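Structure first, then comments.
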Amino acid sequence: MKPTPIILSILVATALYFLVFERDRLLSFAAGGAEASAPLDTETPAEEAAETVTEEPEEEAARVVSVVAMKSQAQEVDSAVLLRGRTEAARQIVVRAETSGLVQSEPLRAGAYVEKDQLMCEIDPGTRQTQLAEAEARVPEAAARLPEAEARVPEAEGRLAEAEARLEEALINDNAARKLSQDGFASDTRVAGTRAAVSSARAGVETAKAGLQAAKAGIQSARAGVQAAEAAVASARNEINRLDVKAPFSGLLETDTAELGSLLQPGSACATIIQLDPIKLVGFVPENEVSKITTGSIAGARLVSGREVQGRVTFLSRSADMETRTFRVEVQVPNPDLAIRDGQTAEIIIASEGKTAHLIPASSMTLNNDGELGVRLAVDGKARFAPITILRDTVDGVWVDGLEAQTDIIVTGQEYVIDGVAIDVTYQEAKG
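Each step along the sequence shown adds one to the number in the working numbering, with nothing skipped, and position 274 is 600.
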């Protein structure tokens with residue numbers, strides 16, 4: 327084995343040792359001060375470390391972050407509740423037939439405007455006119471029976487009076503016969519006969535009373551017959567009135583009316599009518615904001631078409647939806663040109679009690695380490711985080727609550743500072 331590689335390895339290892347571990351000695355030796363550099367080498371690292379330790383806090387303390395802030399003054403603004411809802415017809419009804427028959431009128435097409443009480447479906451009368459004439463003829467016949475029944479009452483009363491007179495006579499005869507029988511002037515047969523006459527007279531009185539009651543009942547029956555005949559007439563006329571199916575209110579036809587010749591049964595649909603003026607805006611309010619809304623509050627809405635409308639709250643539900651825990655609210659809006667349709671999506675804003683708030687740029691908002699939304703403030707040359715509550719988002723900025731009446735809000739550089747960091751503030755004018 328040749329010794330040359332081993333010697334070269336030893337020389338390389340020695341050179342690396344001096345370059346890595348004895349670098350300072352080599353540099354001092356090369357400068358010609360090998361002896362003087364030995365004690366300095368032991369002190370230089372410690373001194374450099376001490377200088378680094380003392381300089382770092384000074385640099386950290388001297389570091390100041392430049393930011394841009396604006397002076398913001400709180401303003402009185404109208405608070406509002408923002409909802410997403412839809413338009414809904416003020417009225418919508420399916421007009422149905424109340425009787426059966428064939429339609430004999432030409433149909434009205436969907437989209438046509440109908441006035442209140444306008445004829446929509448006319449049903450063939452059939453034999454209903456004959457039934458009415460028959461019912462009307464029965465009224466005089468029933469009325470003629472009433473005087474006849476009333477005439478029987480005096481006759482029955484006369485019979486009763488006659489029967490009562492006979493009873494009184496029979497009682498007198500019976501009393502006389504009993505007294506004569508006690509003195510021996512009348513036989514027992516005579517007494518028995520007078521008693522029988524009394525019983526017969528009493529029976530006659532009861533019969534006469536029954537006849538009088540029957541005569542009075544005949545009057546009631548005759549009157550009932552007259553009323554029944556008149557009711558039949560009214561029923562026949564009402565049946566004829568049901569032949570004309572009319573619009574209950576003014577509105578638009580959502581469907582065609584029943585076709586000519588079609589058979590309608592009681593309950594069959596003639597047409598569907600909707601009323602769009604005024605129209606309702608319907609939304610659902612979360613339970614944490616329902617207390618901000620009252621009936622009569624001013625409300626506005628922007629439709630998907632871009633049209634903006636205004637109205638007032640006419641209804642606020644007292645019962646929450648069991649699934650969504652929201653409350654139904656209705657806003658009535660005029661719609662004279664019928665341009666707003668039923669079922670359009672609408673963004674509804676309902677005014678509530680005003681608050682003092684700041685208008686800030688949306689870009690100035692930030693989050694702290696806990697994920698809380700807020701802004702950074704410039705306070706005495708240092709940054710400070712302040713939580714906020716968003717009231718309304720506008721094209722000019724965001725209205726927020728939770729800040730002092732007058733404050734300096736950092737609008738540029740807020741993401742590069744934390745609480746307590748020294749800042750160099752440059753101010754800009756606040757938006758108002």
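Ideal Cβ placement from N, Cα and C applies to all residues, glycine included.
Please read these numbers as outputs of a predicted model, since none were measured by experiment.
Can you tell me which residues form a DSSP beta bridge with residue i?
{"i": "Q658", "result": "K606, R638"}
{"i": "K708", "result": "V705, A748"}
{"i": "V446", "result": "As written in the sequence, residue 446 is Met, which differs from the Val given in the question. None; M446 has no bridge partner."}
{"i": "P713", "result": "G700"}
{"i": "R299", "result": "What the structure shows of the chain is the stretch from 327 to 758, and residue 299 is not part of that stretch, so it cannot be assessed."}
{"i": "V761", "result": "This structure gives no information on residue 761, because the portion of the chain shown stretches from 327 to 758."}
{"i": "I675", "result": "L408, G626"}
{"i": "Q319", "result": "With the chain represented from 327 up to 758, any question about residue 319 goes unanswered, as that position is not in the structure."}
{"i": "K681", "result": "V403"}
{"i": "Y753", "result": "A395"}
{"i": "L590", "result": "G427"}
{"i": "R718", "result": "W725"}
{"i": "T692", "result": "G700"}
{"i": "P612", "result": "T652"}
Taking only three categories from DSSP, how would you classify residue i?
{"i": "E585", "result": "coil"}
{"i": "E474", "result": "helix"}
{"i": "E384", "result": "Below a pLDDT of 50, predicted positions are generally treated as unreliable, and E384, at 49, falls in that range; no measurement from the model is reported."}
{"i": "G519", "result": "helix"}
{"i": "G622", "result": "coil"}
{"i": "S398", "result": "strand"}
{"i": "I666", "result": "coil"}
{"i": "A423", "result": "coil"}
{"i": "P687", "result": "coil"}
{"i": "A436", "result": "coil"}
{"i": "S595", "result": "Sequence inspection shows Ala at residue 595; the Ser mentioned does not correspond to that position. Strand at A595."}
{"i": "P480", "result": "helix"}
{"i": "R389", "result": "coil"}
{"i": "R464", "result": "helix"}
{"i": "V743", "result": "coil"}
{"i": "K542", "result": "helix"}
{"i": "R633", "result": "coil"}
{"i": "P331", "result": "helix"}
{"i": "S643", "result": "coil"}
{"i": "A573", "result": "coil"}
{"i": "E441", "result": "coil"}
Can you name the start and end residues of the beta strand (DSSP E) that residue i belongs to?
{"i": "V648", "result": "Looking at the sequence provided, one finds Met at residue 648 rather than Val. That residue, M648, is in no beta strand (DSSP E); it is neither H nor E in DSSP."}
{"i": "G577", "result": "577-579"}
{"i": "D727", "result": "723-727"}
{"i": "V737", "result": "732-738"}
With 16 other CB atoms within 10 Å as the buried threshold, where does residue i fall?
{"i": "T520", "result": "buried"}
{"i": "P433", "result": "buried"}
{"i": "F641", "result": "exposed"}
{"i": "I297", "result": "Because the chain is modelled from 327 through 758, residue 297 falls outside the range shown and cannot be assessed."}
{"i": "E460", "result": "exposed"}
{"i": "T453", "result": "exposed"}
{"i": "N695", "result": "exposed"}
{"i": "E385", "result": "Any reading at E385 must be qualified, since the residue scores a pLDDT of 49, below 50, and its modelled position is unreliable; the value itself is stated next. By the 10 Å Cβ count, E385 comes out exposed."}
{"i": "G632", "result": "exposed"}
{"i": "V721", "result": "exposed"}
{"i": "E481", "result": "exposed"}
{"i": "I675", "result": "buried"}
{"i": "T425", "result": "buried"}
{"i": "I735", "result": "buried"}
{"i": "S690", "result": "buried"}
{"i": "N661", "result": "buried"}
{"i": "G697", "result": "exposed"}
{"i": "M648", "result": "exposed"}
{"i": "I600", "result": "buried"}
{"i": "G437", "result": "exposed"}
{"i": "T413", "result": "buried"}
{"i": "G637", "result": "buried"}
Any chance the CB of residue i is under 7 Å from a heavy atom of the ligand NAD?
{"i": "A704", "result": "Because no ligand of any kind appears in the structure shown, any question about the ligand NAD cannot be addressed here."}
(request) Please confirm if the stretch 568-578 is in contact with the stretch 439-450, defined as three or more CB-CB distances below 8 Å between the two stretches. (result) yes
(message) Three or more C-beta pairs under 8 Å: does that hold for the stretch 616-635 against the stretch 405-418?
(response) yes
(message) For the pair the stretch 598-606 and the stretch 656-668, tell me if three or more CB-CB distances fall below 8 Å.
(response) yes
(message) If contact is defined by three or more beta carbon pairs under 8 Å, each pair taking one atom from either stretch, is the stretch 584-591 in contact with the stretch 608-615?
(response) no
(message) So, does the stretch 727-734 touch the stretch 396-403, judging by three or more C-beta pairs under 8 Å?
(response) yes
(message) Would you call the stretch 489-498 in contact with the stretch 559-571, where contact means no fewer than 3 C-beta pairs closer than 8 Å?
(response) no
(request) Please confirm if the stretch 701-710 is in contact with the stretch 748-755, defined as three or more CB-CB distances below 8 Å between the two stretches. (result) yes
(request) Tell me, please, whether the stretch 680-693 touches the stretch 412-422 by the rule of three or more beta-carbon pairs shorter than 8 Å. (result) no
(message) Using 8 Å as the cut-off, can you tell me whether the stretch 525-539 makes contact with the stretch 468-488, which would need three or more C-beta pairs spanning the two stretches below that distance?
(response) yes
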